[in-house]
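>
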Amino acid sequence: MPKISSFRSDERGAVAATYAIALFGLVAIAGVGFDYARMAGMHSELQNGADQAALAAATQLDKGSGACARASAAAVGMLRNVTLLANDGDPDGNAVTFEPEPNCDATGFIRFWQNREGTTAATSDADARFVEVVTTPRVARYALTPIVDALDSGEMRARAMAGIGSAICRVPPLMICNPAEPETNLNVLLPFDVEANRGAGIKLVANNSYTPGAFGFLETGSGNSANQLLAALGWDVRRGDCVSIDGVEVKEGLTASVMDGINTRFDMPGSGNSCPTIGGVTGQCSPSINVRKDLVRKNTGNNISWSVHEGNAGNFATEAYRPTSRALYPSTVTPRIMGHPRDLCHAWSNDGDCPLVNGNQSPRLGNGEWDIDAYWRSNYGTSYPAGTIATNSYGTLSRYTYPTRYQVYRWESEKLLAGTLPGVVKDAGTNPAQAAYAQPQAGQMLALPSSPYGRVPGSDLDRRRLSVAVLNCSALTNSANGYNNLNNRELTPTTWIDIFMVEPAIARSRCQGGGSGCNNRYTENTDVYVELIERTDIGGSSGANLQTIRRDVPYLIE
Numbered sequence: 001m002p003k004i005s006s007f008r009s010d011e012r013g014a015v016a017a018t019y020a021i022a023l024f025g026l027v028a029i030a031g032v033g034f035d036y037a038r039m040a041g042m043h044s045e046l047q048n049g050a051d052q053a054a055l056a057a058a059t060q061l062d063k064g065s066g067a068c069a070r071a072s073a074a075a076v077g078m079l080r081n082v083t084l085l086a087n088d089g090d091p092d093g094n095a096v097t098f099e100p101e102p103n104c105d106a107t108g109f110i111r112f113w114q115n116r117e118g119t120t121a122a123t124s125d126a127d128a129r130f131v132e133v134v135t136t137p138r139v140a141r142y143a144l145t146p147i148v149d150a151l152d153s154g155e156m157r158a159r160a161m162a163g164i165g166s167a168i169c170r171v172p173p174l175m176i177c178n179p180a181e182p183e184t185n186l187n188v189l190l191p192f193d194v195e196a197n198r199g200a201g202i203k204l205v206a207n208n209s210y211t212p213g214a215f216g217f218l219e220t221g222s223g224n225s226a227n228q229l230l231a232a233l234g235w236d237v238r239r240g241d242c243v244s245i246d247g248v249e250v251k252e253g254l255t256a257s258v259m260d261g262i263n264t265r266f267d268m269p270g271s272g273n274s275c276p277t278i279g280g281v282t283g284q285c286s287p288s289i290n291v292r293k294d295l296v297r298k299n300t301g302n303n304i305s306w307s308v309h310e311g312n313a314g315n316f317a318t319e320a321y322r323p324t325s326r327a328l329y330p331s332t333v334t335p336r337i338m339g340h341p342r343d344l345c346h347a348w349s350n351d352g353d354c355p356l357v358n359g360n361q362s363p364r365l366g367n368g369e370w371d372i373d374a375y376w377r378s379n380y381g382t383s384y385p386a387g388t389i390a391t392n393s394y395g396t397l398s399r400y401t402y403p404t405r406y407q408v409y410r411w412e413s414e415k416l417l418a419g420t421l422p423g424v425v426k427d428a429g430t431n432p433a434q435a436a437y438a439q440p441q442a443g444q445m446l447a448l449p450s451s452p453y454g455r456v457p458g459s460d461l462d463r464r465r466l467s468v469a470v471l472n473c474s475a476l477t478n479s480a481n482g483y484n485n486l487n488n489r490e491l492t493p494t495t496w497i498d499i500f501m502v503e504p505a506i507a508r509s510r511c512q513g514g515g516s517g518c519n520n521r522y523t524e525n526t527d528v529y530v531e532l533i534e535r536t537d538i539g540g541s542s543g544a545n546l547q548t549i550r551r552d553v554p555y556l557i558e
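Here UniProt numbering is used: the first residue of the sequence shown is 1, the next is one more, and so on.
1. If I follow the unbroken beta strand (DSSP E) through Gly201, where does it start and stop?
2. So, is Thr332 buried or exposed, given that buried needs 16 or more other C-beta atoms within 10 angstroms?
3. Hey, how far is the Cα of Ile176 from the Cα of Val250?
4. Smallest Cα separation from Ala438: which of Ser378, His346, Pro403, Arg70?
5. Could you check if Gly89 is buried or exposed, using at least 16 other CB atoms within 10 Å of its CB as the buried criterion?
6. Comparing alpha-carbon positions, which option in Asp498, Arg292, Asp462, Pro335 lies nearest Val470?
7. Pull up the CB-CB distance for Leu461 and Arg455, whole angstroms please, since I reckon it's below 8 Å.
8. Could you check what DSSP says for Asn263 in three-state terms: helix, strand or coil?
9. Looking only at DSSP bridge pairs, what is Leu295 linked to?
10. Got a sec? Which residues, its chain only, sit under 6 Å from Glu534 by beta carbon, not counting five neighbours each side?
11. Can you give the Cα-Cα distance for Tyr321 and Gly352, rounded to whole angstroms?
12. Could you check what DSSP says for Glu181 in three-state terms: helix, strand or coil?
13. Measuring alpha carbon to alpha carbon, tell me which of Gly247, Arg159, Asn178 ends up nearest Glu490.
14. From Val553 to Arg116, what does the alpha carbon distance come to, in whole angstroms?
15. Could you have a look at Phe316 and say whether DSSP puts it in helix, strand or coil?
16. Could you pull out every residue in the same chain whose Cβ sits closer than 6 Å to the Cβ of Lys415, ignoring the five residues on either side in sequence?
17. May I have the straight-line CA-CA distance separating Phe109 from Val528, to the nearest angstrom?
18. When you compare the segment 310-326 with the segment 515-524, are there three or more beta-carbon pairs, one atom per stretch, that lie closer than 8 Å?
19. Alpha carbon to alpha carbon, how far is Ala196 from Asn358? Give it in angstroms, no decimals.
20. Figure out for me which residue from Tyr406, Gly482, Lys298 has the closest Cα to the Cα of Asn431.
21. Among the residues of its own chain, which have a CB less than 8 Å from the CB of His346, if the five just before and after it don't count?
22. With distances taken from CA atoms, which of Ala67, Cys169, Thr136 is nearest Ser124?
23. Which residues mark the beginning and the end of the beta strand (DSSP E) in which Ala167 is found?
24. Could you pull the start and end residues of the beta strand (DSSP E) that Leu532 belongs to?
25. Any chance the segment 269-285 sits against the segment 475-493, with 3 or more Cβ pairs inside 8 Å?
26. Who does Met501 pair with in a DSSP beta bridge?
27. Please state the DSSP three-state secondary structure of Trp235.
28. From the DSSP output, in three-state form, read off Ile538 for me.
29. Along the alpha helix (DSSP H) that carries Leu365, what are the first and last residues, could you check?
30. Around the C-beta of Glu132, are 16 or more other C-beta atoms found within 10 angstroms, so that it is buried, or is it exposed?
31. State the DSSP-derived secondary structure class of Gln228, mapped to helix, strand or coil.
32. Candidates Arg157, Phe215, Phe316, Phe266: which alpha carbon is nearest Pro514's?
33. Express the C-alpha separation of Arg405 and Leu476 in angstroms, rounding to a whole number.
34. So Trp348 and Arg326 are supposed to be a Cβ contact under 8 Å. How far apart are they, rounded?
35. Looking at the strands, I want to know which residues DSSP matches up with residue 588.
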């Protein structure tokens, strides 16, 4: 009996039962920590694989033929990630894999989208701008937590979305407001029909109004001082300034004083330092080889700055190109001095009447009709001989039976280079003697040190051709879209276009010396008149490939 009594009263090992009961929980807790770490590690491996695959795929989205198939192959074939913590017996072993998807759609494990939000599926190689990849599912089988009936993690997969950020470099950071945009437009991506408006003149106005046809600067981080803006407009190559193709920011500061930077392209030094030094770097502001314009200067001596050639109240129509209506000049009337002119609907007054011929669009958009006969008579002595310049030459296409101003400019540039263009120097018939020059002259103004004294388009920088962003400013500043200005936010261009600078930015009146109608203003010194050449082929094979560089960098969205 004493032994039984002793056994009953013995308390040694009393907690053993408690430990035995608690052991399941302790093992479960340890198992959760151990197996959760394995599960989290495998998810990180899957996500890393998805990220790398999405970035690889995004590099192929160039809008070219087969872009989606190439992107799919890049995601599948370039990936070499291993899931060291997967133990599901998958026949692919430890590899992170993706199912190929050659079609441009938003189905399967590799999906293509038109927008970064992933709400509009791509339908073709051309509109596939973003790619989403989803890994094939993997499972982490638990080592310790099965004790509480948790056998594995279940199917785990990762997804990533990426796009490609593109920038255009080596161009002046300029934007224009879509000249064909209706004032009531609310669509910030309303297309601008570039092809239908090839050769059309556009009157660009720098007044910060941001109405159709206005223009301004894009933010590049280089500052907005007068010298910075002059350098952006005047330097041959503005180093370090790249502008996003898909998202831009507008900055203010475009005034008459910085127009001198534009005019350097016409061999016009300006009244001050129009080619400034920035950060200890002195840029070069070269003229084009072809600087034909309606300005004259003295042949020699001091104070040989350019001035607008104008007649008086009695002879204004024969001294300069000063039409008084949209009509062509009569064949019996020839301007003594004439540069490449504006469209007929813009040429006869500061406001013009272009809505009558452009489908009632903005008055700042012309229709491409210009007086080539008056120009040819003024500079070559006869009306334009049909067929002299092909209407499909120099990478663009005229809408009429005669060439565009840009095509004439390129044809003249070739003749200047060959030394066969007549009338390079033309006497203005003034006292003291002045002349108009179609080509920079050795040792004068901004002429380069050696012949041909200016940049030659086609084989060198084309100083009178620019690439600019087109924004739908009416929609972007409409209160219905939540904004009333363009400041301090990223804006999406509807397209990029190449433009030809038709004439220098300078004020022009009908005539000088007073008299009836002489004060009628034809142009302002804050306006830039351009001709639409074509849609910008960034980094492509068009005439702009020598002066634009495209940089593409893939980036993750999520």
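Every residue, glycine too, gets a C-beta built ideally from N, C-alpha and C.
The relevant details are as follows:
1. Within the sequence shown, residue 201 is the residue found at index 201, counting from 1. 201-205 is the span of the beta strand (DSSP E), which, as asked, contains Gly201.
2. Within the sequence shown, numbered from 1, the residue matching residue 332 stands at position 332. That one is exposed.
3. Taking the first residue of the sequence shown as 1, we reach residue 176 at position 176. Taking the first residue of the sequence shown as 1, we reach residue 250 at position 250. Going by the C-alpha atoms only, they are around 10 Å apart.
4. For the purposes of this step, residue 438 is taken as the residue at position 438 of the sequence shown. For the residues Ser378, His346, Pro403, Arg70, the minimum Cα distance to Ala438 belongs to Ser378.
5. Numbered from its first residue, the sequence shown carries residue 89 at position 89. Confidence at Gly89 is low in this model, with a pLDDT of 47, below 50, so the placement of that residue is unreliable and no value is reported for it.
6. Counting from one through the sequence shown, the residue named residue 470 turns up at place 470. Selected option, being the one with the closest Cα: Asp498.
7. Here residue 461 corresponds to residue number 461 of the sequence shown, with the count starting at 1. Here residue 455 corresponds to residue number 455 of the sequence shown, with the count starting at 1. Indeed, because the Cβ distance is near 5 Å, the residues count as touching under 8 Å.
8. Residue mapping note: residue 263 aligns to position 263 of the sequence shown, counting from 1. Correct three-state label for Asn263: helix.
9. Position 295 of the sequence shown, counted from the start, is the residue given in the question as residue 295. Bridge partners of Leu295: Val308.
10. Position 534 of the sequence shown holds residue 534. Thr396, Asp498.
11. Along the sequence shown, read from residue 1 onward, the residue named residue 321 stands at position 321. Along the sequence shown, read from residue 1 onward, the residue named residue 352 stands at position 352. Taking the straight line from one Cα to the other gives about 15 Å.
12. Taking the first residue of the sequence shown as 1, we reach residue 181 at position 181. Three-state result, Glu181: coil.
13. As a first step, residue 490 is located in the sequence shown; it is residue number 490 there, counting from the start. Taking the Cα of Glu490 as reference, the smallest distance to any Cα among Gly247, Arg159, Asn178 is reached at Gly247.
14. Looking up residue 553 in the sequence shown gives position 553. Looking up residue 116 in the sequence shown gives position 116. Straight-line Cα distance between these residues: approximately 15 Å.
15. By one-based count along the sequence shown, residue 316 stands at place 316. Three-state DSSP puts Phe316 in a helix.
16. Here residue 415 corresponds to residue number 415 of the sequence shown, with the count starting at 1. Here the set comprises Leu421.
17. Counting from 1 along the sequence shown, the entry for residue 109 is found at position 109. Counting from 1 along the sequence shown, the entry for residue 528 is found at position 528. C-alpha separation (whole angstroms): 51 Å.
18. yes
19. Counting from one through the sequence shown, the residue named residue 358 turns up at place 358. Counting from one through the sequence shown, the residue named residue 196 turns up at place 196. One C-alpha to the other measures close to 11 Å.
20. Numbered from its first residue, the sequence shown carries residue 431 at position 431. Ranking Tyr406, Gly482, Lys298 by Cα distance to Asn431 puts Lys298 first.
21. One-based indexing of the sequence shown puts residue 346 at position 346. So the list reads Gly201, Lys203, Gly352, Cys354, Gly366, Tyr529, once near-sequence residues are dropped.
22. The count along the sequence shown starts at 1 and reaches residue 124 at position 124. Ser124 has its Cα closest to that of Ala67, out of Ala67, Cys169, Thr136.
23. Stepping through the sequence shown from its first residue, residue 167 is reached at position 167. Its beta strand (DSSP E) spans residues 159-169.
24. For this step, residue 532 is matched to residue 532 along the sequence shown. Counting along the chain, the beta strand (DSSP E) containing Leu532 begins and ends at 527-535.
25. Taking one beta carbon from each stretch, the segment 269-285 and the segment 475-493 have fewer than 3 pairs nearer than 8 Å; the two do not touch.
26. The residue you call residue 501 lines up with position 501 of the sequence shown. Its beta-bridge partners are Val530.
27. By 1-based counting over the sequence shown, the position of residue 235 is 235. Reduced to three states, the DSSP call for Trp235 is coil.
28. To locate residue 538, count along the sequence shown from 1; it is residue 538. If DSSP states are grouped into helix, strand and coil, Ile538 belongs with coil.
29. Your numbering for residue 365 matches position 365 in the sequence shown. Element bounds for Leu365: n/a, residue is neither H nor E.
30. Residue 132 sits at position 132 when you count from the first residue of the sequence shown. Buried, since its Cβ has 16 or more Cβ neighbours within 10 Å.
31. If you number the sequence shown from 1, residue 228 lands on position 228. Note: Gln228 maps to helix in three-state DSSP.
32. Here residue 514 refers to the residue found at position 514 of the sequence shown. The identity of residue 514 in the sequence shown is Gly, whereas the question assumes Pro. Per the Cα distances, Phe316.
33. What you label residue 476 is simply residue 476 of the sequence shown in a count that begins at 1. What you label residue 405 is simply residue 405 of the sequence shown in a count that begins at 1. When only Cα atoms are considered, Leu476 and Arg405 end up about 32 Å apart.
34. As a working note, residue 348 is residue 348 in the sequence shown. As a working note, residue 326 is residue 326 in the sequence shown. So it is a contact: roughly 6 Å between Cβ atoms.
35. The requested residue 588 does not occur in the structure, where the chain is confined to residues 1 to 558.
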